[in-house]
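FYI, in the working numbering the residues of the sequence shown are 10 to 515. Quick reminder that beta carbons are idealized off the backbone N, C-alpha and C, glycines included. What follows is a single structure, written as structure tokens, with notes after it.
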Amino acid sequence: MGRHSRACWAVAALGCVGLLCAVLGAVMIVAVPSIIKQQVYKNVRIDPSSLSFNMWKEIPVPFYLSVYFFDILNPSAILQGQKPQVRERGPYVYREYRHKTNITFNDNDTVSFLEFRNFKFQPDKSSGLESDYIIMPNILVLSAAMMLEYEPTSLKLLMTLAFSTLGQRAFMNRTVGEIMWGYDDPLLNLINKYLPNMLPVKGKFGLFAELNNSDSGLFTVFTGVKNFSRIHLVDKWNGLSKVNFWHSDQCNMINGTSGQMWAPFMTPESSLEFYSPEACRSLNLVYQEAGVFEGIPTYRFKAPDTLFANGSVYPPNEGFCPCLQSGIQNVSTCRFNAPLFLSHPHFYNADPVLADAVLGLHPNEREHSLFLDIHPVTGIPMNCSVKLQLSLYIKSIKGIGQTGKIAPVVLPLMWFEERGAMEGDTLQAFYTQLVLMPKVLHYAQYVLLALGGVLLLIPVIYQIRSQGPEDAKSQPGPAAPPDRLPSPYTPLLQDPLRGQPACPTA
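Below is the structure:
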């Protein structure tokens, strides 16, 4: 009886545990997604108490700037009207350091900040040194010539004399370091002396001189603390809600984020929009495919075919014109009216006429397309590679002797790649907290539900088995027929076990 009682208690205990597991599993199935969602909302907003705040403030991802120059092989032939021939040189790689300063939280659910950048050359990652010489167009001379195209001939002749006096030519031979970070130019000094407000460049002239040890403008973005629907979106840039570089309100709009984080819980229908001060416009990337980066699920976003399309191919881009061929964007209005154009490297995804006009270009998607891999649950970039090319439109200008017989051409100057990927302790912490733990919880809820179901079956099976024998005993069985009929000589009293008389006869 004691053993039977203990078995009943054990079975009852297993049933209670099973019921608890089943209930807990069911509750987790309903509640865990909501809990995870609330935790993501809490920790991706721009707030000192959120887990991502320090990541936003001091970006832990190492960024590298890789620069490729187009070394001109036939400058003299170009002056005679022949097709340019170039050779790609590089990469020249720089480690890019970023940090935010002047972080100010405003009353309207926004935060303002400046992000400073500086670059340090990495010889071990580069295919050359900053002392390497590159032959490229003299941007100042050829840009000034283009600006004077419709000016009086007398002014052009005067400028030709000034160029000759200062030793200025259509092409120059400069080191990588000079082209990147600046060089003293007598023409620039002369312009700044007599026309001090004509050019925004003071001192040395270099393609990246204004980016090193400087900020990219005052960004004001929404924190998402009070209104999560606008998290990370840019409210203003340098106090402006729209720029005035372009010729339509749509093109002048400042849309998207500052390019560092996006709203969480993305879908394949989501787009990736951000404002780029370097491009003087908002850029919009589209979903390409789902993937995995170091065990972390990602969505890859790429540039659409219409990103740099001209107005005739994609009417909404008409505001960025005047345009030339499709696939390049005229950025002269935000680059002191120099005839500069932005595109994908090697004129990838542009009108083939552009690449055919310059010998030595080989556009292809694998090497020259840009992409961003985003963790869709949090909106945080895992791996990115942004590639852009800067080109100069040049041609012969009548009255400017330095331009010779140059045939009209969009001549590539250089292209660069900004890339960064999460790694090390930051990647491990991200994987553990935002991938591994949710995955464990996801499987745990179904394991608990299944375990609870199994444990609940034990009392049922025990009850069925324990009732079976009792019922069998309680049912009357059929009477057993006698082995043989009693005879007159059979004793009336027999040994019940052996069939013998119970008492001996005399």
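Q.
Below 8 Å, how does it come out for the stretch 239-248 and the stretch 171-180: are there three or more Cβ pairs, yes or no?
A. no
Q.
Quick check on the DSSP output: what are the complete beta strand (DSSP E) runs of length 3 or more inside the stretch 93-150, in order along the chain?
A. 95-114, 119-130, 142-146
Q. Within this structure, are the beta carbons of residue 333 and residue 419 separated by less than 8 Å?
A. yes
Q. In whole angstroms, what is the alpha-carbon distance linking residue 3 and residue 277?
A. Here the chain covers residues 10 to 515 and nothing more, so residue 3 does not appear.
Q: Examine the Cβ distances between the stretch 82-96 and the stretch 53-60 and report whether three or more of them are shorter than 8 Å.
A: no
Q. Residue 393 bridges to which residues according to DSSP?
A. 381, 429
Q.
Here's the rule I'm using: 16 or more other beta-carbon atoms within 10 Å means buried, otherwise exposed. How should residue 373 be labelled?
A. It counts as exposed.
Q.
Rounded to the nearest angstrom, what separates residue 23 and residue 382 at their Cα positions?
A. 48 Å
Q. Mind checking whether residue 201 and residue 211 have CB atoms under 8 Å apart?
A. yes
Q.
So residue 126 and residue 223 are supposed to be a Cβ contact under 8 Å. How far apart are they, rounded?
A. Correct: roughly 7 Å between the Cβ atoms.
Q) Is residue 56 helix, strand or coil by DSSP? A) coil
Q | residue 435, DSSP secondary structure in three states | A | helix
(Q) Restricting to runs no shorter than 4 residues, where is the alpha helix (DSSP H) found entirely within the stretch 334-388? (A) 361-365, 374-377
Q) Leaving out five residues before and five after residue 16 in sequence, what residues of the same chain have Cβ atoms less than 6 Å from its Cβ? A) none
(Q) Between 145, 124, 351, which has its C-alpha nearest residue 68's C-alpha? (A) 124
Q. If we call anything under 8 Å between Cβ atoms a contact, is residue 275 one with residue 388?
A. yes
Q) In chain order, what residues of the same chain lie with their CB nearer than 8 Å to the CB of residue 29, ignoring the 5 residues before and after it? A) 461
Q. Does the stretch 141-148 touch the stretch 182-191, meaning 3 or more C-beta pairs lie closer than 8 Å?
A. yes
**Q.** Residues bridged to residue 309 [DSSP beta-bridge criterion]
**A.** 298, 382
(Q) residue 340 and residue 289 - do their beta-carbons sit closer together than 8 Å? (A) Yes, these two residues count as a Cβ contact at 8 Å.
Q | Beta-carbon proximity check, residue 423 vs residue 391, cutoff 8 Å | A | Not closer than 8 Å, so no.
(Q) Less than 8 Å between the beta carbons of residue 303 and residue 293, yes or no? (A) Cβ distance not < 8 Å, so residue 303 and residue 293 don't count as in contact.
Q: Run the CB neighbour count on residue 455, radius 10 Å, all protein chains shown included, and call it buried at 16 or more, exposed below.
A: exposed
Q | Rounded separation between residue 18 and residue 41 - CA only | A | 33 Å
Q) Contact check, residue 380 vs residue 310 under 8 Å by CB: the rounded distance? A) 7 Å
Q. Where does residue 178 sit, in a helix, a strand or coil, going by DSSP?
A. coil
Q. When we look at the beta-carbon of residue 393 and count the other beta-carbons within 10 Å, is it buried (16 or more) or exposed?
A. Buried is the call here.
Q. CB of residue 270 to nearest heavy atom of the ligand SAH: below 7 Å?
A. Inclusion of the ligand SAH in the displayed structure is not the case, the ligand content being empty and no account of it being possible.
Q | CA nearest to the CA of residue 377, picked from 14, 352, 476 | A | 352
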